[in-house]
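Novice: A single structure is presented below for examination.
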Amino acid sequence: MKKYKKICIVLFILILISIPLSTFLGSANITFSQVIDVYKYHLPFANASLEDMGLNSIIWNIRLPRTIVAVIVGSGLAMTGCIMQALTGNIMAEPYTLGIQSGAGMFAAFSIAFFDSVSPIGIIGTNTMAFLGAMLVMLSVYTISSRSKSFSRSNLILVGISISMLCSAITQLIIAFAPDNSKVRGIVFWMMGGLGGIHWEDIPFSLIVCLTGFAISFFLSEQLNIISMGKETAIILGVKINRLNKILLLLVSIIVGALVSISGSVGFVGLIIPHLARRFIGANHKELIPVSTLLGGLFLVWADTTSRIIVAPKDLPIGVLTSLIGVPFFLFIMKKRGQVM
852 MKKYKKICIV LFILILISIP LSTFLGSANI TFSQVIDVYK YHLPFANASL
902 EDMGLNSIIW NIRLPRTIVA VIVGSGLAMT GCIMQALTGN IMAEPYTLGI
952 QSGAGMFAAF SIAFFDSVSP IGIIGTNTMA FLGAMLVMLS VYTISSRSKS
1002 FSRSNLILVG ISISMLCSAI TQLIIAFAPD NSKVRGIVFW MMGGLGGIHW
1052 EDIPFSLIVC LTGFAISFFL SEQLNIISMG KETAIILGVK INRLNKILLL
1102 LVSIIVGALV SISGSVGFVG LIIPHLARRF IGANHKELIP VSTLLGGLFL
1152 VWADTTSRII VAPKDLPIGV LTSLIGVPFF LFIMKKRGQV M
């Protein structure tokens, strides 16, 4: 059995073990046997009873969907990080490089600040608005960067950074003119990232998007290997650069838009996880994408679990925690590569 397959199996088993452990840990005093009892209660053929329905609410309706979404978000961000680093030829690239997160944040802030639940936009929902914002920004970045006769990686990055800064500035204006402090707190909390408000209804769309994205990116893994070598090499080997770029950018924007819309901004996962995965199995995307996907899911499960218990009974925003972990870890990786002295 190949090394990467063994790593994938180990990571998958660790995720399966981590899910019930994560639902066990938290501010509420719950034993692991009680967690198992709740799981048995929901098995269709177990015929198990549950005396304390409050446990069912905490474990099944709050912690379990939150943990599952943590796996989905971590996996999706790590996977799109691999794609972005191959697409741009830049090891510093991540899913948010092209301003997708900033666009989602701008639309989410607009929805939170100026619309209530009974208005047309309020009914659509902050999550949907964030997804639309992410897609609109991605369309803008691609349209502007592709105006030249040939696709340029540097143009793509520069346009993405510029639009990201513009969206961030508009978001700051929205915060400044928000009608009251509660709206400001809502915007800031959303932008810091968090999984506290996750429900079962948030899972199907994000799961389908990530599974579809994984299948497509895995199918295109050989072409990702080729474009990582540079544009000239890719052209010589017959890769249709412009078509591939369109597919990859659309794929990244849909995945990241779907994830950011339910989790807010969760930084550094798409940056450090692909680097860590490369240290295990190398740069072949046919192996890198599965390992990064599983490793990202495992990482965010435990990041979310830590965010629940580190300042219990309050939640530490998961985006804050991933940044606190990600910055020193990434600097360490760069130092090992000899790029930071």
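For the working numbering, add 851 to where a residue sits in the sequence shown, where the first one is 1.
From the three backbone atoms N, C-alpha and C, an ideal C-beta is built for every residue, glycine too.
1) Taking DSSP as the reference, what is the three-state secondary structure of P1168?
2) At the level of alpha carbons, what is the spacing between S884 and P895?
3) Have a look at S1033 and S1114 and give me their C-alpha separation to the nearest angstrom.
4) Distance, Cα to Cα, G1170 vs L1075?
5) Using the three-state DSSP reduction, which class does S1003 fall into: helix, strand or coil?
6) To the nearest angstrom, how far is the alpha carbon of K1137 from that of R998?
7) Find out if the Cβ-Cβ distance for the pair M989, L949 is shorter than 8 Å.
8) Within 10 Å of its beta-carbon, does L1110 have 16 or more other beta-carbons around it, so buried, or fewer, so exposed?
9) Taking Cβ positions, are T918 and G1121 nearer each other than 8 Å?
10) Quick one, are the C-beta atoms of A955 and P1125 less than 8 Å apart?
11) Out of G1081, L1139 and F1183, which has the shortest C-alpha to C-alpha gap to C859?
12) Rank E1073, I1014, S1112 and I1087 by C-alpha distance to the C-alpha of I1049 and give the top, closest one.
13) What does the Cβ neighbour count give for I868, buried or exposed, with the cut at 16 atoms within 10 Å?
14) In three-state terms, what does DSSP make of T1063?
15) What is the C-beta distance between I866 and V1152, in whole angstroms, given that I count them as a contact (C-beta under 8 Å)?
16) Near A1029, what residues of its chain come up, given a Cβ to Cβ distance below 6 Å and the 5 sequence neighbours on each side ignored?
17) For the putative contact between V886 and I870, defined by C-beta atoms under 8 Å, what is the C-beta separation to the nearest angstrom?
18) Report yes or no: do the region 1084-1102 and the region 1008-1027 share at least 3 C-beta pairs separated by less than 8 Å?
19) Classify V922: buried if its beta carbon has 16 or more other beta carbons within 10 angstroms, exposed otherwise.
20) Terminal residues of the continuous alpha helix (DSSP H) containing I858?
21) In terms of alpha-carbon separation, which member of D888, S873, M904 and V920 lies closest to L1058?
22) Using a Cβ distance threshold of 8 Å, determine whether the region 934-954 contacts the region 1092-1110, with at least three qualifying pairs required.
23) Going by CA-CA distance only, name the one from L1149, S1072, I1123 and G1147 that's closest to L938.
24) Buried or exposed for G905, please, with buried defined as at least 16 other CB atoms from any protein chain shown within 10 angstroms of its CB.
25) Could you give the DSSP three-state label for I1077: helix, strand or coil?
26) What residues in its chain sit with their C-beta under 7 Å from that of Y993, if we drop five residues either side in the sequence?
27) Determine the direct distance from the alpha carbon of P916 to that of I1054, and round the result to whole angstroms.
28) Around the Cβ of T882, are there at least 16 other Cβ atoms within 10 angstroms (buried) or fewer (exposed)?
29) Which word fits S873, buried or exposed, when buried means at least 16 other C-beta atoms lie within 10 angstroms of its C-beta?
30) Output needed for A1128: all residues of its chain with C-beta closer than 6 Å, excluding positions within five of it in sequence on either side, in chain order.
31) Going straight from the alpha carbon of I1176 to that of G1118, what length do you get?
32) Could you tell me the boundaries of the alpha helix (DSSP H) in which V994 lies?
33) In or out: L1046 buried (at least 16 other Cβ within 10 Å) or exposed?
34) Among F1040, I934 and F1065, which residue has its Cα nearest to the Cα of K1097?
Specialist: Quick look at the numbers:
1) Taking the sequence shown and counting its residues from 1, one reaches residue 1168 at position 317. P1168: coil per DSSP, three-state reduction.
2) On the sequence shown, position 33 is the one that residue 884 refers to. On the sequence shown, position 44 is the one that residue 895 refers to. Put simply, the backbone Cα of S884 is about 19 Å away from that of P895.
3) The residue you call residue 1033 lines up with position 182 of the sequence shown. The residue you call residue 1114 lines up with position 263 of the sequence shown. If you draw a straight line from the Cα of S1033 to the Cα of S1114, it is about 19 Å long.
4) If you number the sequence shown from 1, residue 1170 lands on position 319. If you number the sequence shown from 1, residue 1075 lands on position 224. Taking the straight line joining both Cα atoms gives about 28 Å.
5) Mapped onto the sequence shown, residue 1003 falls at position 152. Three-state DSSP puts S1003 in coil, outside helix and strand.
6) Residue numbering aside, residue 1137 sits at position 286 when the sequence shown is read from its first letter. Residue numbering aside, residue 998 sits at position 147 when the sequence shown is read from its first letter. Roughly 32 Å separates the two Cα atoms.
7) For the purposes of this step, residue 989 is taken as the residue at position 138 of the sequence shown. For the purposes of this step, residue 949 is taken as the residue at position 98 of the sequence shown. Between M989 and L949, the gap from beta carbon to beta carbon is short of 8 Å.
8) One-based indexing of the sequence shown puts residue 1110 at position 259. Using a 10 angstroms sphere on the CB of L1110, the tally of other CB atoms reaches 16 or more, which defines it as buried.
9) For the purposes of this step, residue 918 is identified with residue 67 of the sequence shown, where counting begins at 1. For the purposes of this step, residue 1121 is identified with residue 270 of the sequence shown, where counting begins at 1. No.
10) Here residue 955 refers to the residue found at position 104 when the sequence shown is read from its first residue. Here residue 1125 refers to the residue found at position 274 when the sequence shown is read from its first residue. No, these two residues do not count as a Cβ contact at 8 Å.
11) Here residue 859 is taken as the residue at index 8 of the sequence shown, counted from 1. In terms of CA proximity to C859, L1139 leads the group G1081, L1139 and F1183.
12) Within the sequence shown, the letter at position 198 stands for residue 1049. With respect to the C-alpha of I1049, the residue from E1073, I1014, S1112 and I1087 having the closest C-alpha is S1112.
13) Against the sequence shown, residue 868 aligns to sequence position 17. Its Cβ having fewer than 16 others within 10 Å, I868 is exposed.
14) Against the sequence shown, residue 1063 aligns to sequence position 212. Looking at T1063 - three-state DSSP - the assignment turns out to be helix.
15) Here residue 866 is taken as the residue at index 15 of the sequence shown, counted from 1. Here residue 1152 is taken as the residue at index 301 of the sequence shown, counted from 1. Contact annotation, I866 with V1152: C-beta distance approximately 7 Å; criterion of less than 8 Å satisfied.
16) Translated into the one-based positions of the sequence shown, residue 1029 becomes position 178. The answer, listed in chain order, is A964 and V1035.
17) Indexing the sequence shown from 1 puts residue 886 at position 35. Indexing the sequence shown from 1 puts residue 870 at position 19. Contact annotation, V886 with I870: C-beta distance approximately 10 Å; criterion of less than 8 Å not satisfied.
18) Taking 8 Å as the limit for Cβ pairs, the verdict is that the region 1008-1027 does not touch the region 1084-1102.
19) Counting from 1 along the sequence shown, the entry for residue 922 is found at position 71. Looking at its Cβ environment, which holds 16 or more other Cβ atoms inside 10 Å, V922 is buried.
20) What you label residue 858 is simply residue 7 of the sequence shown in a count that begins at 1. Where I858 is concerned, the enclosing alpha helix (DSSP H) starts and stops at K854 to F875.
21) As a position in the sequence shown, residue 1058 is number 207, starting the count at 1. Of D888, S873, M904 and V920, the residue nearest in Cα terms is V920.
22) They touch, by the three-pair rule.
23) Taking the first residue of the sequence shown as 1, we reach residue 938 at position 87. Checked all of L1149, S1072, I1123 and G1147; the closest Cα to L938 is S1072.
24) For the purposes of this step, residue 905 is taken as residue 54 along the sequence shown, with counting starting at 1. By the 10 Å Cβ count, G905 comes out exposed.
25) As a first step, residue 1077 is located in the sequence shown; it is residue number 226 there, counting from the start. I1077 sits in a helix when the DSSP states are folded into three classes.
26) Within the sequence shown, the letter at position 142 stands for residue 993. If we look at Y993 and ignore the five residues flanking it on each side, its Cβ neighbours are L1100.
27) The count along the sequence shown starts at 1 and reaches residue 1054 at position 203. The count along the sequence shown starts at 1 and reaches residue 916 at position 65. Their Cα atoms are separated by approximately 7 Å.
28) In the sequence shown, residue 882 corresponds to position 31, counting from 1. So T882 counts as exposed.
29) The count along the sequence shown starts at 1 and reaches residue 873 at position 22. Label assigned to S873: buried.
30) Here residue 1128 is taken as the residue at index 277 of the sequence shown, counted from 1. Taken in chain order, the residues that qualify are L1139, V1142, S1143 and L1146.
31) Numbered from its first residue, the sequence shown carries residue 1176 at position 325. Numbered from its first residue, the sequence shown carries residue 1118 at position 267. Approximately 10 Å between the Cα atoms of the pair.
32) Here residue 994 refers to the residue found at position 143 of the sequence shown. The sequence shown places Thr at residue 994, not Val. Residues T977 to S996.
33) Looking up residue 1046 in the sequence shown gives position 195. In summary, L1046 is buried, with 16 or more beta-carbon neighbours lying within 10 Å of its beta-carbon over all protein chains present.
34) As a working mapping, residue 1097 is identified with position 246 in the sequence shown. It is I934 whose Cα lies nearest to the Cα of K1097.
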